[in-house]
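**Q** According to my numbering, the sequence shown is numbered sequentially starting from 16.
Yeah, the Cβ is synthetic: ideal placement off N, Cα and C, and Gly gets one too.
A quick note: this is a predicted structure, and the numbers were derived from the prediction, not measured.
Attaching a single structure in C-alpha cells format; questions to follow.
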Amino acid sequence: MNKNDTWVKILLIGAILMLIAQIGNFPILLVLSFPVVMVSWMTLGALRRNKVGKGLKFSLISLYIIWTVGFLAMILIDDTVFKGTVLGFVPGTAIMVYGVWILPYIFGTLVYGIRFDEDYLDEDDIKKFEKEIGHETELH
Numbered sequence: 016m017n018k019n020d021t022w023v024k025i026l027l028i029g030a031i032l033m034l035i036a037q038i039g040n041f042p043i044l045l046v047l048s049f050p051v052v053m054v055s056w057m058t059l060g061a062l063r064r065n066k067v068g069k070g071l072k073f074s075l076i077s078l079y080i081i082w083t084v085g086f087l088a089m090i091l092i093d094d095t096v097f098k099g100t101v102l103g104f105v106p107g108t109a110i111m112v113y114g115v116w117i118l119p120y121i122f123g124t125l126v127y128g129i130r131f132d133e134d135y136l137d138e139d140d141i142k143k144f145e146k147e148i149g150h151e152t153e154l155h
C-alpha cells in the first residue's frame with residue numbers, strides 16, 4: 016500500500032467521525048476529527064514523489080496542533096468565568112479570530128511561500144515542464 020492509500024483511509028475515517036459528530040451532536044469528536052480531515056487532505060495535496068517536504072511537515076503538524084488546541088479551547092471555555100472581552104471579542108471568538116484564523120496563516124501560508132522551491136517546484140520540475148511545452152519559461 017502506498018502513502019496515498021494510507022492518507023485516503025485516514026481522510027475517510029476522519030470524515031466519517033465528523034459526520035457522526037454532527038449527527039450525534041458530539042462537539043469534542045468534531046473538534047478532534049476536523050483537524051485530521053484537513054491535515055490528511057492537505058498532506059495528499061503536498062505529497063510529491065511519495066514524500067512531504069520538511070517545511071510542509073512542520074507546517075502540517077503546526078496546523079494540526081493549532082486547530083486542535085484552538086477548537087478545544089473554544090468549546091471548553093467557561094463563558095461564565097470570562098465575562099470580558101479580548102481585543103474586542105468575547106473569549107471564544109477571540110480564540111477563533113486570533114488563534115484559529117491568524118496562526119494557520121503564519122504556519123501554513125507563510126511556510127508554503129518560504130519553502131516553495133524546496134518542497135514544491137524545483138529546477139528539475141521546471142525543466143520537465145519546459146520540455147513538455149517546447150520552450151523555456153521565465154521561472155528560472
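Report the option in 83, 46, 21, 23 whose CA atom is closest to the CA atom of residue 33.
**A** 46
**Q** Taking the straight line between their C-alpha atoms, what separation do you get for residue 43 and residue 150?
**A** 53 Å
**Q** Does DSSP classify residue 105 as helix, strand or coil?
**A** Coil at residue 105, not helix or strand.
**Q** Measuring CB to CB, does residue 50 end up less than 7 Å from residue 82?
**A** yes
**Q** Kindly indicate which residue of 18, 114, 70, 77 has the alpha-carbon position closest to the one of residue 89.
**A** 114
**Q** Could you name the residues of the same chain whose beta carbon sits closer than 7 Å to that of residue 122, not counting the 5 residues immediately before and after it, in chain order?
**A** Excluding sequence neighbours, residue 122 sits near 74, 77, 78, 81.
**Q** From 139, 104, 112, 68, pick the residue whose C-alpha is nearest to that of residue 126; which is it?
**A** 68
**Q** Looking at the unbroken alpha helix (DSSP H) that takes in residue 17, where does it start and where does it end?
**A** Note, residue 17: premise wrong, no alpha helix (DSSP H); not H, not E.
**Q** Kindly indicate which three-state DSSP category residue 66 falls into: helix, strand or coil?
**A** strand
**Q** What does the alpha-carbon distance come out to for the pair residue 105 and residue 111?
**A** 10 Å
**Q** DSSP three-state label for residue 92, please.
**A** coil
**Q** Helix or strand or just coil, what does DSSP make of residue 100?
**A** Coil at residue 100, not helix or strand.
**Q** Of all the options 86, 117, 87, 107, which has the alpha carbon lying nearest to the alpha carbon of residue 94?
**A** Scanning 86, 117, 87, 107 for the CA closest to the CA of residue 94 turns up 107.
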